[in-house]
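Remarks on the structure that follows.
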Amino acid sequence: MPFGSLLKKKKTKDSPSGQGVTSPTSPTKETSSTSSPLSSKQSGPPQSTTTAATSASSALTSTNGPVETKAESTPTPATIATPTEATATPTPIMEKVVPRQTKGKYTLTDFNFERTLGTGSFGRVHLVQSKHNQRYYAVKVLKKQQVVKMKQIEHTNDERRMLQRVKHPFLITLWGTFQDAKNLYMVMDFIEGGELFSLLRKSQRFPNPVAKFYAAEVTLALEYLHAQNIIYRDLKPENLLLDRHGHIKITDFGFAKDVVDITWTLCGTPDYLAPEVVSSKGYNKSVDWWSLGILIFEMLCGFTPFWDGGSPVKIYENILKSKVKYPPYIHHDAQDLLVQLITPDLTKRLGNLHGGPADVKNHAWFAEVTWERLLKKDIDAPYVPPVKGGQGDASQFDKYPEETEEYGKKGDDP
Ligand SMILES: Nc1ncnc2c1ncn2[C@@H]1O[C@H](COP(=O)(O)OP(=O)(O)OP(=O)(O)O)[C@@H](O)[C@H]1O
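To convert, note that position 86 of the sequence shown is 99 in the working numbering; the numbers rise steadily by one, no gaps.
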């Protein structure tokens with residue numbers, strides 16, 4: 014059963030359960046599919062997620078009152094958002110790309126560093142509290158030495174540049190950056206609801222309408238990024254956070270790239286790589302539509318289509334063969350969309366065709382989605398994370414061993 018082994022994709026973490034999916038205060042344990050918050054629709058325990066998942070079947074066209082959305086706050090004022098600019102498929106709040114401007118510079122002393130929320134290849138992400146406005150933020154700390162060693166200087170600079178440029182309801186907001194001799198720091202909004210990855214592992218797989226809701230929000234984010242000529246290149250459940258209302262926020266722009274035409278770099282996560290990336294051909298935005306297909310498949314099935322227990326090399330071989338076995342429980346429309354996304358033939362891959370992202374949005378699987386309302390977060394999310402504490406409640410995140418090295422130390426700058 015491939016499901017369990019997919020946890021390998023997660024970076025080392027010290028989960029209390031040792032399974033990497035249960036958050037310290039979450040009452041939900043990873044026991045069986047029937048205990049899942051989202052699949053509990055069938056078995057019926059009274060959880061907020063049950064109602065939400067059930068309502069999701071109609072939620073995408075919901076005409077209920079608008080969901081209360083969190084006002085995003087800045088550590089120091091001055092965000093610039095400018096009006097709509099036309100793109101291939103205009104949506105109401107496409108914003109023109111203007112670099113976000115922050116007043117003054119941040120330093121380490123502006124924040125109290127609290128627990129680790131997650132770890133990555135080059136460092137970790139901390140919950141921090143601003144000493145000035147007492148609000149909570151997430152600060153990504155990248156060890157310069159690690160960035161240099163792994164030859165990721167350019168990607169790290171790209172991440173900062175891309176994040177400074179983008180502004181969209183389903184993309185993380187970067188408020189500013191600073192550095193000391195040893196580390197780079199990126200100040201972002203703290204997204205309280207945890208990773209979609211954790212929810213998916215607890216649920217094993219999502220019911221069709223739930224997967225559709227998340228896929229639709231991701232589709233809008235990709236449409237926006239591509240309209241800015243940004244390829245995201247690292248779509249996977251670990252990089253999708255849920256805000257406290259259950260809406261998606263895409264984080265980790267470590268591989269995002271500003272590309273007008275084609276690029277060649279091999280980067281991303283093995284299970285999610287498109288065949289044109291694996292075979293070192295030049296590639297373009299089409300890779301994100303392939304990855305969207307893998308993401309939808311993983312949400313619906315609980316495992317990725319080309320995983321088969323082997324090494325990344327085995328995964329790459331499978332990707333190049335591109336033969337997908339669709340389990341019988343996948344909805345007919347979903348399968349039809351997946352077949353058109355997970356295709357090595359770039360002249361057939363939806364999203365990459367003449368109609369662009371509109372081809373994906375107009376597919377039958379998304380038929381009931383009212384895209385304008387979705388973009389305004391005007392549609393109830395299928396699952397509302399149980400963030401009961403105040404703004405700094407990190408209970409939805411797994412626990413990690415904390416950093417032992419003090420930040421802000423002087424020394425040689427790598
Ligand atoms: N803004 C945020 N709010 C809350 N948690 C966050 C935020 N950003 C990141 N995290 C947590 O930290 C984890 C690591 O962040 P991120 O993926 O950006 O690091 P990374 O070093 O780029 O990782 P990778 O090696 O996968 O590229 C995320 O999976 C998430 O759990």
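No residue lacks a Cβ here, since even glycine has one placed at the ideal position from N, Cα and C.
Give the secondary structure of T278 by DSSP, where H, G and I count as helix, E and B as strand, and everything else as coil.
coil
For the region 307-324 against the region 210-229, are there 3 or more C-beta pairs whose distance is under 8 Å?
yes
Around the C-beta of K225, are 16 or more other C-beta atoms found within 10 angstroms, so that it is buried, or is it exposed?
buried
Less than 8 Å between the CB atoms is what I'm expecting for D301 and Y245, so what's the real figure, rounded?
5 Å
Mapping the DSSP letters down to three states, classify A228 as helix, strand or coil.
helix
Helix, strand or coil at D202 according to DSSP, with G and I counted as helix:
strand
DSSP state of I244 mapped onto helix, strand, coil:
strand
Beta-carbon separation (whole angstroms), K350 vs H376, contact threshold 8 Å
The sequence shown places Leu at residue 350, not Lys. About 5 Å; that satisfies the 8 Å criterion.
Counted within 10 angstroms of its Cβ, other Cβ atoms place T282 as buried (16 or more) or exposed:
buried
Using the C-alpha atoms, what's the distance from T417 back to K423?
16 Å
Where does the unbroken alpha helix (DSSP H) through L387 begin, and where does it stop?
W384 to L388
For L121, which residues from the same chain have a beta carbon less than 8 Å from its beta carbon, with the 5 sequence-adjacent residues on both sides left out?
F191, D193, Y198, Y420 and G421
From T360 to G369, what does the alpha carbon distance come to, in whole angstroms?
12 Å
Measure the Cβ-Cβ separation of L254 and I204 and say whether it is below 8 Å.
yes
So F379 is in the alpha helix (DSSP H); what residue range does that whole segment cover?
Careful: F379 lies outside any alpha helix (DSSP H) and carries neither H nor E.
In whole angstroms, what separates the C-alpha of D411 from that of H367?
43 Å
Enumerate in chain order the residues of its own chain whose CB-to-CB distance from V179 is below 6 Å, with the five nearest sequence positions on each side excluded.
none
Can you look up F10 in the DSSP assignment and give me helix, strand or coil?
With the chain represented from 14 up to 427, any question about residue 10 goes unanswered, as that position is not in the structure.
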